[in-house]
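In the working numbering, the protein residues as written are 2 to 337. All C-beta atoms in this analysis are idealised placements derived from N, C-alpha and C, irrespective of residue type, glycine included. Reading through the structure tokens given below for one structure.
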Amino acid sequence: MLGFLLRLLPFWVREPLLIAVGSVLGVRIMYLAVRDHDRVAAGLGVVFLVFTAIRVYAVIRALRARRNPSPTASADGAAVDAAPQPQPQPQAGTGPRPSPDTPEKEHNAWGQAVAAVAVFGALAAALWAAPRFMPSDDNAPQAASCSGGAHEELPKAYKDTPQPVTGEELCKALNRPDLAKLLGTPGETATTASSTNNTAPLTDGKVAQPETEVTFDTYTVNVSATYNELTTDQYVKLMKFGDEKDIKTLTVLGRPAVLSSDHTMKLEINLGSGGSGGPVEQGPLARTLSVALDRNDRGGYCEITVWSTSGALPNDSALLNIAEKVLPRIPERPVR
Numbered sequence: 002m003l004g005f006l007l008r009l010l011p012f013w014v015r016e017p018l019l020i021a022v023g024s025v026l027g028v029r030i031m032y033l034a035v036r037d038h039d040r041v042a043a044g045l046g047v048v049f050l051v052f053t054a055i056r057v058y059a060v061i062r063a064l065r066a067r068r069n070p071s072p073t074a075s076a077d078g079a080a081v082d083a084a085p086q087p088q089p090q091p092q093a094g095t096g097p098r099p100s101p102d103t104p105e106k107e108h109n110a111w112g113q114a115v116a117a118v119a120v121f122g123a124l125a126a127a128l129w130a131a132p133r134f135m136p137s138d139d140n141a142p143q144a145a146s147c148s149g150g151a152h153e154e155l156p157k158a159y160k161d162t163p164q165p166v167t168g169e170e171l172c173k174a175l176n177r178p179d180l181a182k183l184l185g186t187p188g189e190t191a192t193t194a195s196s197t198n199n200t201a202p203l204t205d206g207k208v209a210q211p212e213t214e215v216t217f218d219t220y221t222v223n224v225s226a227t228y229n230e231l232t233t234d235q236y237v238k239l240m241k242f243g244d245e246k247d248i249k250t251l252t253v254l255g256r257p258a259v260l261s262s263d264h265t266m267k268l269e270i271n272l273g274s275g276g277s278g279g280p281v282e283q284g285p286l287a288r289t290l291s292v293a294l295d296r297n298d299r300g301g302y303c304e305i306t307v308w309s310t311s312g313a314l315p316n317d318s319a320l321l322n323i324a325e326k327v328l329p330r331i332p333e334r335p336v337r
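In structure tokens form, the structure reads like this:
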């Protein structure tokens, strides 16, 4: 049906249309073939380009035939009778009639060709650009975004703390497009991202402790800021009394910091008829980087913790890289 309709079109409309469609499809298919290293697509693209080259050659021959008419070929390549036709005699008082091969018809043919190329070229450009501006129909998972908590009322501890960061601000600082790359898993996408404006435990709600957590298939990253009076040196001494392992002091962005390892807690909750849960068990090992909230270490710290359900941990360089991206988004603690 399509071929029949194409044959009904005039030569100077049909051929530019085939050239426009063939060139756009050929170039597009070749681009995809090179990008995806697909030999079958490359062969199909070559077929379209060869087809287009043949049509261009046919149009060039037709144009030459119109400029230099011969007794054996017409503008569309069909044979015509070369026998001379009787010419009408001009009558007195009238001017010469225009011959069939006047430049006006030549301009009409060129106008048809240019118009067809312009119209179908615009359609081809629209089809080419549509995937970039139209929403994608693929099923690729979208990265989790931070839940909005702008209207959440902050606890009193946040009002009493100079320039505290909120959980939402921490989430935006942590949930970066390159976070998976920083963790060493660039192909993964964040599945969940959450934040809270908590207060530190055992402080009667007087110490602000905002927190955020971003989860991937491999790793989970938790970042919190604790606005207490504990210095890094005091914190290291407390670690030595606890179960922390592999303690290592260092400096991050000019601030005192310490690396440590400890096990997470594993809690199972049964949502069945009884609603009871199992005992608290030891979870997988986690690696934590604690950095002072200011260069002079006047108290308070930011903790970046990474763990995985498999127990695997990234290199310490991943924690340092995350800290270098997140810490500039947390205001340093002002002088009191």
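Residue i: first and last residue of the uninterrupted alpha helix (DSSP H) it sits in
{"i": "Asp37", "result": "12 to 37"}
{"i": "Val222", "result": "From DSSP, Val222 is part of no alpha helix (DSSP H) but of the beta strand (DSSP E) over 221 to 227."}
{"i": "Ala194", "result": "Not the alpha helix (DSSP H): Ala194 falls in the beta strand (DSSP E), residues 193 to 200."}
{"i": "Asp234", "result": "233 to 242"}
{"i": "Val181", "result": "Note that residue 181 is Ala in the sequence shown, not Val. Segment 180 to 183, the alpha helix (DSSP H) holding Ala181."}
Where the beta strand (DSSP E) containing residue i begins and where it ends
{"i": "Leu290", "result": "282 to 293"}
{"i": "Val307", "result": "302 to 308"}
Length of the line joining the Cα atoms of residue i and residue j
{"i": "Ser24", "j": "Thr53", "result": "6 Å"}
{"i": "Thr197", "j": "Met31", "result": "50 Å"}
{"i": "Glu214", "j": "Val51", "result": "56 Å"}
{"i": "Gln143", "j": "Ala191", "result": "8 Å"}
{"i": "Gly284", "j": "Arg330", "result": "31 Å"}
{"i": "Ala258", "j": "Leu290", "result": "7 Å"}
{"i": "Phe12", "j": "Ala59", "result": "10 Å"}
{"i": "Arg296", "j": "Val35", "result": "52 Å"}
{"i": "Arg29", "j": "Gly46", "result": "8 Å"}
{"i": "Glu230", "j": "Ala158", "result": "14 Å"}
{"i": "Val327", "j": "Ile305", "result": "9 Å"}
{"i": "Ala201", "j": "Pro211", "result": "9 Å"}
{"i": "Arg256", "j": "Thr310", "result": "31 Å"}
{"i": "Ala43", "j": "Phe49", "result": "10 Å"}
{"i": "Tyr236", "j": "Val336", "result": "20 Å"}
{"i": "Pro187", "j": "Val14", "result": "51 Å"}
{"i": "Ala226", "j": "Thr167", "result": "9 Å"}
{"i": "Leu26", "j": "Val57", "result": "15 Å"}
{"i": "Ala174", "j": "Leu203", "result": "27 Å"}
{"i": "Tyr302", "j": "Ala293", "result": "4 Å"}
{"i": "Arg65", "j": "Glu189", "result": "60 Å"}
{"i": "Val253", "j": "Glu154", "result": "33 Å"}
{"i": "Leu171", "j": "Leu19", "result": "57 Å"}
{"i": "Ala1", "j": "Glu282", "result": "Not covered by the structure: residue 1. The range shown for the chain is 2 to 337."}
{"i": "Ser195", "j": "Val307", "result": "15 Å"}
For residue i, the three-state DSSP class (helix, strand or coil)
{"i": "Ala324", "result": "helix"}
{"i": "Asp205", "result": "coil"}
{"i": "Ala362", "result": "Missing from the structure shown is residue 362; the chain here goes from 2 to 337 and no further."}
{"i": "Pro329", "result": "helix"}
{"i": "Leu260", "result": "strand"}
{"i": "Cys172", "result": "helix"}
{"i": "Asp161", "result": "coil"}
{"i": "Leu50", "result": "helix"}
{"i": "Leu314", "result": "coil"}
{"i": "Gln210", "result": "strand"}
{"i": "Asp247", "result": "strand"}
{"i": "Asp82", "result": "At Asp82, the pLDDT of 43 sits below 50, so the modelled position is not reliable; the number obtained from the coordinates is stated separately. Three-state DSSP puts Asp82 in coil, outside helix and strand."}
{"i": "Val215", "result": "strand"}
{"i": "Val336", "result": "coil"}
{"i": "Val57", "result": "helix"}
{"i": "Val166", "result": "coil"}
Classification of residue i by the beta-carbon crowding that lies within 10 angstroms, buried from 16 upward
{"i": "Leu239", "result": "exposed"}
{"i": "Asp205", "result": "exposed"}
{"i": "Tyr220", "result": "buried"}
{"i": "Ala63", "result": "buried"}
{"i": "Glu16", "result": "buried"}
{"i": "Ser261", "result": "buried"}
{"i": "Arg347", "result": "What the structure shows of the chain is the stretch from 2 to 337, and residue 347 is not part of that stretch, so it cannot be assessed."}
{"i": "Asp298", "result": "buried"}
{"i": "Phe242", "result": "exposed"}
{"i": "Gly1", "result": "Residue 1 is absent from the structure shown; the chain starts at 2 and stops at 337."}
{"i": "Asn176", "result": "buried"}
{"i": "Arg288", "result": "buried"}
{"i": "Asn69", "result": "exposed"}
{"i": "Arg334", "result": "buried"}
Inset, instruction - Indicate whether the contact test is met: 3 or more Cβ pairs, each with one atom in the segment 307 to 314 and one in the segment 241 to 249, closer than 8 Å. - result: Output reads no: the segment 241 to 249 does not touch the segment 307 to 314.
Inset, instruction - Pair every Cβ in the segment 176 to 196 with every Cβ in the segment 157 to 164, then say whether three or more of these pairs are closer than 8 Å. - result: No, the segment 176 to 196 does not touch the segment 157 to 164.
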